[in-house]
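A quick write-up on the structure given underneath.
Number of protein chains: 2
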Amino acid sequence: MIKSPYLLFLGDAADSLAAKVAQGIKDWRPDMSVGQYRMDGCNADLGLADLSFDEAVAAGAKTLVIGVANRGGVISAAWQEKLIEALEAGLDIASGLHNLLRDEPILVAKAADLGRELFDVRIPSVEYPIATGVKRTGKRCLAVGTDCSVGKMYTALAMEKEMHARKMNATFRATGQTGILITGDGVPLDAVIADFMAGAVEYLTPDNDADHWDLIEGQGSLYHASYSGVTMALIHGGQPDALLLCHEPTRKHMRGLPDYQQPSLEELRDTALILARVVNPDVKVVGISVNTQHLSEDEAVSYLAETEASMGIPAVDPFRHGAARLVDALEAC
Amino acid sequence: MIKSPYLLFLGDAADSLAAKVAQGIKDWRPDMSVGQYRMDGCNADLGLADLSFDEAVAAGAKTLVIGVANRGGVISAAWQEKLIEALEAGLDIASGLHNLLRDEPILVAKAADLGRELFDVRIPSVEYPIATGVKRTGKRCLAVGTDCSVGKMYTALAMEKEMHARKMNATFRATGQTGILITGDGVPLDAVIADFMAGAVEYLTPDNDADHWDLIEGQGSLYHASYSGVTMALIHGGQPDALLLCHEPTRKHMRGLPDYQQPSLEELRDTALILARVVNPDVKVVGISVNTQHLSEDEAVSYLAETEASMGIPAVDPFRHGAARLVDALEAC
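These protein sequence lines map, in sequence, to chains A and B.
Count the first sequence with our numbering and you get residues 202 to 534, in order.
Count the second sequence with our numbering and you get residues 202 to 534, in order.
Right under this line is the structure:
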């Protein structure tokens, strides 16, 4: 578990898109960060207070979270100098970068020396069990997609926000690097050993209060040839009571697979239900989350209305119109 | 790739069941081993020549293959002494044990010293790629089961043997520890990192001659909550042209999951086809392999006849009656 509050490290971000992890933390956990740290040449700005490491520690910060992609996939000498300063000031460091903090001997030695922790959230820190499939208490909602990167994490976070506003008992459960940095905890499912994937999801979503909802971050797609095994493990490990279908209607082919087309929402619904019923015969598909960012408002409204009419369940873009109707559907479940 | 021929290490096997990996190598690759090595107190006997390490090397052996489960899950001092002697005699060592050769510092040092190799087939030795889903040449057959441990490996090996007898162009592709030791090569799929599972299967079954069949060893089951993600990756990475359904009709519940029942063969067929069509719209279910070991001959014959009549495709127990009719079905495909 990564200690909060955070100082968000924007480094020398080329643009605001490079800092999207930091932006996600600010959007979804606005009280989690005391400020941002920007190096010379940084072109991103979250609108948070610019703090030195010492100022951040004085304001209560416990962890420097690397909220930016690094250029060229390496931790540069300039970054390393700053990260060492952060450790010396009293901060742990958390990162979702592909190249790991633990592979930087200077950082490892300095952290050991000072008693600080380095968190590489891309790598599991737990030995997960083999899944047992035993029925758990509490309720679980899983977002499944017609493709990768169609808005599954956004949907689950937007629903959590709406549910908390309604004083409902709900927890977003992160299964990817960005989600783990946003919430400080979770399972980096794509990095788990095959035999333990479903067990890792069971570990992430244990027995809970009868009225509690886990909102499980989806990954991949049952129809994505590269990552479908991860999705399958989420369905069987997650033991969902409710499924949400996530879709991006303008995509020309499956992400990264030019020879493959997205399934229809009907196909996704039917296949996901067959597989989810193995672990929960009562599972229901309760709503559809459509990412309409490439449609005009008129196009989006008419696409959503048509989809809702043909599928017979609420179809919403939670970014454009809020997650309220998806939460209504979950409450009715 | 493990170098052959082998000397099969039976150690101090408590009984012949403990030596089932060695038995599998002897059954399926009878020309691969020059003999067996038995310690004092060994209660297993494959009927091969008992050779010393020096005699085995003189007979051409390249690798000592540990074909037996170790007692208590540790490499005992008595075993270690023998394994060091084997290295000194000139043999590499290959093992599928849970506790790894590489975690035994004395073996590691001795092997390095002598220039010998230690193979832990439980651990991937390759950095597998992400699956691309690109259509490959050649043909692929995958066995999928109603449950784990219903005879998928046996079925694929029996078909390979029959196909080779018919001079067909076919290769068994191992995806588990026993299969890898039997054939000297393969992918330990249950130990692969989630994101790379389907890519590992693509790597295992690359482009091939138009008339070549890969006979891919199945793992887990789409209906097994613990391991279904591995099965899913086999279906999408394997890009099968032909599926075989494997079943054990007397099982009371899913293996290791007392709360779960096996699906019917109809359910398995329909679900596997939906998922396999994502990567190959022309995939067909060509036959059924039934493990009838717990049925009498009469019961087996009538179960197979009923299954064949209701499913409309050949239903065979390849152990009892040979794999010929399954290969006929593949040839007709």
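All C-beta atoms in this analysis are idealised placements derived from N, C-alpha and C, irrespective of residue type, glycine included.
Item                                                                                                                                                                                        : Value
So residue 234 of chain A and residue 211 of chain A are in contact, right, with Cβ under 8 Å, and what is the actual spacing, rounded?                                                     : About 11 Å; that fails the 8 Å criterion.
From this set, A/344, A/436, A/419, which residue's C-alpha is nearest residue 427 of chain B's C-alpha?                                                                                    : A/436
Going straight from the alpha carbon of residue 241 of chain B to that of residue 279 of chain B, what length do you get?                                                                   : 10 Å
Is the distance from the Cβ of residue 475 of chain B to the Cβ of residue 439 of chain B below 8 Å?                                                                                        : no
So with Cβ pairs under 8 Å, would you call residue 394 of chain B a contact of chain A?                                                                                                     : yes
Could you round the C-beta distance between residue 311 of chain A and residue 288 of chain A to whole angstroms and report it? I think they count as a contact, below 8 Å.                 : 5 Å
Using a C-beta cutoff of 8 Å, does residue 298 of chain A count as contacting chain B?                                                                                                      : no
Say whether chain B places a C-beta atom closer than 8 Å to the C-beta of residue 294 of chain A.                                                                                           : no
So which residues on chain A does residue 404 of chain B lean against when the C-beta distance must stay under 8 Å?                                                                         : The premise fails here: residue 404 of chain B is roughly 13 Å from chain A at the closest Cβ pair, so nothing lies under 8 Å.
DSSP three-state call for residue 429 of chain B: helix, strand or coil?                                                                                                                    : helix
If you reduce the DSSP assignment to three classes, tell me which class residue 455 of chain B lands in.                                                                                    : strand
Looking at the secondary structure, which residues open and close the alpha helix (DSSP H) in which residue 470 of chain A lies?                                                            : 466-477
Under DSSP, the beta strand (DSSP E) around residue 503 of chain A begins and ends at which residues?                                                                                       : Segment 498-512 is the alpha helix (DSSP H) holding residue 503 of chain A; no beta strand (DSSP E) there.
Distance cutoff 8 Å, beta carbons only. Does residue 472 of chain A sit that close to anything in chain B?                                                                                  : yes
Let me know the alpha helix (DSSP H) ranges lying completely inside the segment 202-269 of chain A, each 4 residues or longer, listed in chain order.                                       : 221-229, 254-259
If you measure between the beta carbons of residue 527 of chain B and residue 395 of chain A, is that distance less than 8 Å?                                                               : no
Go through its chain and collect everything with a Cβ distance to residue 452 of chain B's Cβ below 7 Å, but skip five positions before and after it.                                       : 348, 463
Say whether the segment 295-315 of chain A touches the segment 240-255 of chain A, bearing in mind that this needs 3 or more beta-carbon pairs closer than 8 Å, one atom from each stretch. : no
Is residue 436 of chain B helix, strand or coil by DSSP?                                                                                                                                    : helix
Could you name the residues of chain B that residue 437 of chain A contacts, counting a contact when the two beta carbons are closer than 7 Å?                                              : 426, 429
Please confirm if the segment 396-407 of chain A is in contact with the segment 322-340 of chain A, defined as three or more CB-CB distances below 8 Å between the two stretches.           : yes
Got a sec: which bits of the segment 434-460 of chain A sit with their beta carbon under 7 Å from any beta carbon on chain B, in order along the chain?                                     : 434, 437, 458, 460
Give the single residue among B/326, B/266, B/305 whose Cα lies nearest to the Cα of residue 294 of chain B.                                                                                : B/266
Ignoring anything shorter than 3 residues or poking outside the segment 269-350 of chain B, list the beta strand (DSSP E) runs there in chain order.                                        : 293-296, 319-321, 340-346
Just mark residue 275 of chain A as buried or exposed, buried being the case when its beta carbon has 16 or more other beta carbons within 10 Å.                                            : exposed
Taking the beta carbon of residue 407 of chain A as the centre, do at least 16 other beta carbons fall within 10 Å, making it buried, or is it exposed?                                     : exposed
Please confirm whether residue 387 of chain B and residue 371 of chain B have their CB atoms less than 8 Å apart.                                                                           : no
I want to verify the contact list: residues of chain B whose CB lies under 8 Å from the CB of residue 390 of chain A, in sequence order.                                                    : 395
Give a yes or no on whether the minimum CB-CB distance between residue 377 of chain B and chain A is below 8 Å.                                                                             : no
Taking all protein chains shown into account, decide if residue 158 of chain B is buried (16 or more other Cβ within 10 angstroms of its Cβ) or exposed.                                    : There is simply no residue 158 of chain B to check, as chain B begins at 202 and stops at 534 in what is shown.
Are residue 301 of chain A and residue 314 of chain A closer than 8 Å when you measure CB to CB?                                                                                            : no
Note down, in chain order, each residue of its chain lying with its Cβ closer than 6 Å to the Cβ of residue 344 of chain B, except the 5 sequence neighbours on either side.                : 353, 356, 357, 419, 445, 447
Would residue 505 of chain A pass as a contact of residue 517 of chain A if the rule is Cβ separation under 8 Å?                                                                            : yes
Using a beta-carbon distance below 8 Å, is residue 334 of chain A in contact with chain B?                                                                                                  : yes
Please list the segments of the alpha helix (DSSP H) lying wholly inside the segment 346-393 of chain A, counting only runs of 4 or more residues, in order along the chain.                : 353-366, 378-384
On the CB-based measure, 16 or more other CB atoms within 10 Å of its CB, does residue 494 of chain B come out buried or exposed?                                                           : exposed
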